[in-house]
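With our numbering, letter number 73 in the sequence shown gets 79, and the count goes up by one each step, no holes.
Positions of the beta carbon are idealized from the N, C-alpha and C atoms, including for glycine.
See structure below.
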Amino acid sequence: MEREKRRFLKSFLIELVLYGVLVAAYFFLVLHFLGDWIKHVYDYDKLAYAFVALGLMLGQGVLLEMLTTKLLDLIGSRTE
Numbered sequence: 007m008e009r010e011k012r013r014f015l016k017s018f019l020i021e022l023v024l025y026g027v028l029v030a031a032y033f034f035l036v037l038h039f040l041g042d043w044i045k046h047v048y049d050y051d052k053l054a055y056a057f058v059a060l061g062l063m064l065g066q067g068v069l070l071e072m073l074t075t076k077l078l079d080l081i082g083s084r085t086e
């Protein structure tokens with residue numbers, strides 16, 4: 007039972023760190039490549055900005071979850 011808890015905790019911590027790094031990288035990439043355009047959309051059309059922001063959030067959630075899952079599968083197969 008104790009071994010199972012340690013394995014779960016280790017997996018959780020790896021996923022947490024990995025996801026944190028990916029979210030930070032995503033944030034800086036979007037800021038760097040889309041920052042000026044997003045600011046322009048915000049200044050001229052708040053409704054379009056809302057949809058762009060929603061799309062970026064949904065895209066982030068889906069893409070980073072898929073990437074994290076694949077990376078954890080890769081890490082898991084090497085550690086087991």
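- In the DSSP assignment, residue 51 falls outside any alpha helix (DSSP H) and carries neither an H nor an E.
- Between the stretch 66-85 and the stretch 15-32 there are three or more inter-stretch CB-CB distances shorter than 8 Å, so the stretches are counted as touching.
- For the pair of segments examined, the stretch 25-35 was found to touch the stretch 56-72: the number of CB pairs separated by less than 8 Å reaches three.
- Inter-residue distance for residue 8 and residue 16 is about 12 Å (C-alpha atoms, whole angstroms).
- Collapsing the DSSP output to three states places residue 63 in a helix.
- Residue state for residue 72 is assigned as helix, using DSSP reduced to three classes.
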